[in-house]
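Numbering follows the UniProt record's numbering, with no gaps: position 249 of the sequence shown is 249. By construction, the Cβ of each residue, glycine as well, lies at the ideal position given by its N, Cα and C atoms. The model shown is predicted, which means the values in this text are computed figures rather than measured ones.
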Amino acid sequence: MLTSSTFEFRKNYSSPSSIYYYSFFLLQFFLLNLTLANHNIIDVQNKNDIGNNDLINIDDEKDIRNIREPDFPFTTVIDLLSQNVQFSSFLRLIQLNGYVPYLNELTNFTLFAPVNSAFIDYNFESNDNFTIEDYVLYDKVLDINENNEQNDNLKSYINIIYNGLNKAPFVFGRNIKDDLNTNKVKEPNDKYYINNVDVVEENLKPNFQNAIIQGISATLKDKPNLKELLELLSSNYKYNEKFELFTKFIDSNFEKEDFEGLLGNNTILLPNDNNLLNTFNKIEINYIIDAFNSLDNLVSDSVSSKIKDIWLRDRLTFLKSIILKGIVGGKISNSKVKKVEVQNLNEDQFNITSDETGTRMRIFHGKKDATSLYSNILYNKGILHTFDDLHYISNSVLFNTEKYLHGLNNSEFVRELYFRNLEHLIQEDHLKKNMTLFIPENSENDAVFGFTKASLLYHFTDSQLWLEDEFKESSNSVTKLYDSSFCSSNKRLGGNCQRFKITKSKSGYQINDKFKILNSKPYQIGNNLIYKISDDLHLPGDLIVSINPFYHCSNSLVFLRHLRLLELAPNNEGYTVFLPCFNSWDSQELNLEFIEKNRNIQELIMRSLILNGLVYTDAPKENKNSMQDLLGKECSVTLRSQELPGSKSVNVNISTFPMELTLEKDMDIFFNQGVIHPLRDVYLPSAVEISAKDLIKTTGNQEFLKLLDHFNDLAGIVDNDEPFSLLIPTLESLLYEGISGNYTRLEDFLKLHIIPGNSTKNLLQCNGGISTQLGQLLSCSELSPKNYLLRIQNGSDNEVRILKKGCSTKNPDSCIFMIDRPMSLSWISKEKYHLDLPAVAIGIGIVLGALFILSLLGFLLAFVGKSHKDICSSQNIDNSENDTGGNVTDPLLPRNRDNGGNLPTDGRPFESSYSSNSVRSPIRVISNKCSKPDLSIYNNVSSNNI
Numbered sequence: 001m002l003t004s005s006t007f008e009f010r011k012n013y014s015s016p017s018s019i020y021y022y023s024f025f026l027l028q029f030f031l032l033n034l035t036l037a038n039h040n041i042i043d044v045q046n047k048n049d050i051g052n053n054d055l056i057n058i059d060d061e062k063d064i065r066n067i068r069e070p071d072f073p074f075t076t077v078i079d080l081l082s083q084n085v086q087f088s089s090f091l092r093l094i095q096l097n098g099y100v101p102y103l104n105e106l107t108n109f110t111l112f113a114p115v116n117s118a119f120i121d122y123n124f125e126s127n128d129n130f131t132i133e134d135y136v137l138y139d140k141v142l143d144i145n146e147n148n149e150q151n152d153n154l155k156s157y158i159n160i161i162y163n164g165l166n167k168a169p170f171v172f173g174r175n176i177k178d179d180l181n182t183n184k185v186k187e188p189n190d191k192y193y194i195n196n197v198d199v200v201e202e203n204l205k206p207n208f209q210n211a212i213i214q215g216i217s218a219t220l221k222d223k224p225n226l227k228e229l230l231e232l233l234s235s236n237y238k239y240n241e242k243f244e245l246f247t248k249f250i251d252s253n254f255e256k257e258d259f260e261g262l263l264g265n266n267t268i269l270l271p272n273d274n275n276l277l278n279t280f281n282k283i284e285i286n287y288i289i290d291a292f293n294s295l296d297n298l299v300s301d302s303v304s305s306k307i308k309d310i311w312l313r314d315r316l317t318f319l320k321s322i323i324l325k326g327i328v329g330g331k332i333s334n335s336k337v338k339k340v341e342v343q344n345l346n347e348d349q350f351n352i353t354s355d356e357t358g359t360r361m362r363i364f365h366g367k368k369d370a371t372s373l374y375s376n377i378l379y380n381k382g383i384l385h386t387f388d389d390l391h392y393i394s395n396s397v398l399f400n401t402e403k404y405l406h407g408l409n410n411s412e413f414v415r416e417l418y419f420r421n422l423e424h425l426i427q428e429d430h431l432k433k434n435m436t437l438f439i440p441e442n443s444e445n446d447a448v449f450g451f452t453k454a455s456l457l458y459h460f461t462d463s464q465l466w467l468e469d470e471f472k473e474s475s476n477s478v479t480k481l482y483d484s485s486f487c488s489s490n491k492r493l494g495g496n497c498q499r500f501k502i503t504k505s506k507s508g509y510q511i512n513d514k515f516k517i518l519n520s521k522p523y524q525i526g527n528n529l530i531y532k533i534s535d536d537l538h539l540p541g542d543l544i545v546s547i548n549p550f551y552h553c554s555n556s557l558v559f560l561r562h563l564r565l566l567e568l569a570p571n572n573e574g575y576t577v578f579l580p581c582f583n584s585w586d587s588q589e590l591n592l593e594f595i596e597k598n599r600n601i602q603e604l605i606m607r608s609l610i611l612n613g614l615v616y617t618d619a620p621k622e623n624k625n626s627m628q629d630l631l632g633k634e635c636s637v638t639l640r641s642q643e644l645p646g647s648k649s650v651n652v653n654i655s656t657f658p659m660e661l662t663l664e665k666d667m668d669i670f671f672n673q674g675v676i677h678p679l680r681d682v683y684l685p686s687a688v689e690i691s692a693k694d695l696i697k698t699t700g701n702q703e704f705l706k707l708l709d710h711f712n713d714l715a716g717i718v719d720n721d722e723p724f725s726l727l728i729p730t731l732e733s734l735l736y737e738g739i740s741g742n743y744t745r746l747e748d749f750l751k752l753h754i755i756p757g758n759s760t761k762n763l764l765q766c767n768g769g770i771s772t773q774l775g776q777l778l779s780c781s782e783l784s785p786k787n788y789l790l791r792i793q794n795g796s797d798n799e800v801r802i803l804k805k806g807c808s809t810k811n812p813d814s815c816i817f818m819i820d821r822p823m824s825l826s827w828i829s830k831e832k833y834h835l836d837l838p839a840v841a842i843g844i845g846i847v848l849g850a851l852f853i854l855s856l857l858g859f860l861l862a863f864v865g866k867s868h869k870d871i872c873s874s875q876n877i878d879n880s881e882n883d884t885g886g887n888v889t890d891p892l893l894p895r896n897r898d899n900g901g902n903l904p905t906d907g908r909p910f911e912s913s914y915s916s917n918s919v920r921s922p923i924r925v926i927s928n929k930c931s932k933p934d935l936s937i938y939n940n941v942s943s944n945n946i
């Protein structure tokens, strides 16, 4: 069989003078192959004769070598393996897999042959995916003992030897592999290694092949792929590095992109987690590794394909930026070459060098450089070096607002922008323009409900809003208004931009009083700022849905609904609506009842409060505009902010109103056609006239007007809206009290119910003295909020309750107060009864009273002085038991006692001193001996009675 050496020999000896030598060579080669066939080489057909335990002891190596030493001068690699029993197991594998012809034909190579001890646990049945390519270094004869500059490096340093195949290279050098544990360079020793496997048998050279055998102590195992290697590195304590981020990057791409072609026969500069975190911010890393799987899981359509293509292209660019072309590692620099120029797969230029032993790589790019932590780590396609300071990778991906939105988990929002042809707002060309974007924290619902083009633009504003600077001087709650990027057509807002407002309070920032701004410091990319908000920012809707229900504007909205003004026709200017809210209509009472019954008055009021054009509370001071209300009347509108410190009031002077309207600054409510200003008071335009007579009729008591007509001067008060207020009782109570035109004191009665204008204010405020036309003063008391009582001062305690009130628009001092009953003239004074006695009579009365008191005291003293009978002894009690009849008329107490406490002997019966009011006579009690009574008891009784 001819080998490549044969052709090389024929090439070198093809001259006529060399034919003899060539013929001799062919003869020798034929005899050699014949010898190999009949020699000690084990035949493949008898391969089962040798088992896993048929290993020859290496101690007999020399004897066996001498026995097997052929007599022929030509040897090959197979000859050497067969002559050395320590390689018998490896030779068997070669035979089992049919590699003998392959090795015989091969030339210019190095064979790394494991000794028999490497195969103790080897499974020859499965061959463990054995391939000869794992043990062959092609195109290089690695002679350790040869003296030349190249081998001098081999003897002293780590060398990366590229095999020329799509496989891992070989790492060959002196035995300093333990340096990775200590991160220090050791002095070389006598042993060499290949891929961390010791060389135990050096330089076995056949003389018939340009090849060499290096015997090694273990098999060369298959190298892990990149993903497996990352897991090993992260779990290996000696590296003390984490590659979770890059592993995530590989996981999301590895099976979907053709990275095999990128990784094969190349060098990876692998950044660890610290390197990535120090180079990119969290948002950028989220985008690169697709942390939320939002890009990988985008709906498959043309829009999503555009977005996904950008992402995949960026990831591919990033990966190419850390992959160098070719195998680069080990000892690079020498006396002649200090640095080597290399390129990554993005065609970027680098210079790379190594330390003295080839254990550390140093790479230069521009003005920056980075040194590897660990180097010369093999994977199945190439070699890698780990770094924690690869700064140049920051330029591998050009970030813009779109990519930041992906990193913030808002890929669906980006997709909506693409769908509405608004992607230019978030791409590179827009980075130099000032812009602020408010993006919902979680856009999971976006895919369900979607966005309109207008609602998307409402999330943007064409200015930079640094919130902490905007509200830096504000300690209390402050609101500011801003223009959004949604500038409507002329139909709705007249080309003006829809606005939003931001409020700062103790709890943080809110937008449009609904959505919380989650980060006070924005994410910045170029001149674009991004804020996260708690929910989707909705474009203002119709008038009625834009009003906060807690503003209590229901009465005003009812009027607008009756007048069909809730939906306003497009006017190419927008609208400003001044809307009475906060239950302000409740204070009108009688006026409100009158307005509710009069549609024309409703039209006048509500249409005067709606202007064509836009008026905001943040307008410049003394801002004056000429506008038109819905009645078609021209009016001038002037805004004037109050100068008081801390004041939030803005006064608006509208020429069609008799007084200024007071607005609360920054309480503007935006709707799809303009702005609404909620009012805390009801303002009636000048065109609205409500007289006192109108209000009296509203009470339902027109009889009172007929009573006033009996007196011309009193009737003129009402007819001319003079500055007088009237107390109007209910019709039922007036009839019940019998008040009619025949009432004898009718004029006094009416004057008692008429209040002069200078007392109207006191009555409205229920404070101070309230005079009447009769001259009698009234007093007002507040029983509870909005519950007032009136009574006549210094009169009877009778009171009337004020039910409702209302004032004329012609004269503010002319008001009508509806009361529950009329006040009676009889309440004015109380009847007081008394006697007119002379002084002598008073003196006689005093004397008589004194005598009466003295007599009473004497009687009490006499009563106390009486003696009382003691308690009878037990003997007398026994005697009483022997009493035959027991006279029930006998007294219970003795009649009298002497000074010694004995019964008296005068014989006066006790019954004469017993009370005449007694129903029965006292029972007689016979007693032999009585004790002296204790008079202190009676003294106490007497004193108490006194």
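- The DSSP assignment places complete beta strand (DSSP E) segments of no fewer than 3 residues inside the region 426-491 at 435-440, 478-487, in order along the chain.
- The Cβ-Cβ distance between S396 and S321 falls below 8 Å.
- Restricting attention to G526, S477, L529, N512, the CA atom closest to the CA of S505 is found in S477.
- Look at Y138 here: in three-state DSSP terms it is strand.
- Shortest Cα-Cα distance from F559 to any of N572, E593, I525, M606 involves M606.
- With fewer than 16 other Cβ atoms from the protein chains shown falling within 10 Å of its own Cβ, L165 counts as exposed.
- For Q602, the secondary structure class from DSSP, reduced to helix, strand or coil, is helix.
- Nearest to I533 by alpha-carbon distance, out of L437, K648, G768, is L437.
- Taking a contact to require three or more Cβ pairs closer than 8 Å, the region 409-425 and the region 263-275 do not qualify as touching.
- Per the Cβ contact rule, the region 601-616 is not in contact with the region 713-725 (fewer than 3 Cβ pairs under 8 Å).
- Burial check for S302: the Cβ neighbour count within 10 Å stays below 16, so the residue is exposed.
- K480 is positioned such that its CB atom lies no closer than 8 Å to that of I511.
- Taking the Cα positions, D388 is about 24 Å away from Y404.
- As summarised for the region 645-678, the continuous beta strand (DSSP E) elements at least 3 residues long and confined to that stretch are 649-654, 661-664, 669-671, given in chain order.
- DSSP places A841 in the helix class (H, G or I) of the three-state scheme.
- Secondary structure at G757: helix, using DSSP grouped into helix, strand and coil.
- Sorting E260, F249, L245, L851 by C-alpha distance to the C-alpha of N278 places L245 at the top.
- By DSSP's assignment, M627 forms a beta bridge with C635.
- DSSP places D198 in the uninterrupted beta strand (DSSP E) bounded by 197-204.
- Nearest Cα to L384 within the set L312, L727, V328, K805: V328.
- Excluding five sequence positions before and after L378, the CB atoms of its chain that fall closer than 6 Å to its own CB belong to A168, K223, given in chain order.
- Under the DSSP definition of a beta bridge, T371 partners with R362.
- With 16 or more other CB atoms across the displayed protein chains lying within 10 angstroms of its CB, P685 is buried.
- Where N104 is concerned, the enclosing alpha helix (DSSP H) starts and stops at 100-105.
- Here F578 is near L661, since their CB atoms are less than 8 Å apart.
- A113 sits in a strand when the DSSP states are folded into three classes.
- Contact fails between the region 94-103 and the region 197-207, because fewer than three Cβ pairs, one in each stretch, are under 8 Å apart.
- In the three-state scheme derived from DSSP, where H, G and I count as helix and E and B as strand, Y157 is classed as coil.
- Excluding the 5 residues flanking it on each side, K368 has same chain C-beta neighbours closer than 8 Å at H391, Y392, in chain order.
- L270 is positioned such that its CB atom lies closer than 8 Å to that of F243.
- DSSP places I696 in the uninterrupted alpha helix (DSSP H) bounded by 692-699.
- If you draw a 10 Å sphere on the C-beta of E634, you find fewer than 16 other C-beta atoms in it, and that means exposed.
- DSSP places R561 within a helical segment (H, G or I) once states are collapsed to three.
- Going by DSSP, K227 is part of the alpha helix (DSSP H) stretching over 226-235.
- Taking the Cβ atoms as the reference, L276 lies roughly 14 Å from I268, outside the contact range of under 8 Å.
- If you ignore the 5 residues before and after H710, its C-beta comes within less than 7 Å of the C-beta of G741, L746, all in its own chain and listed in chain order.
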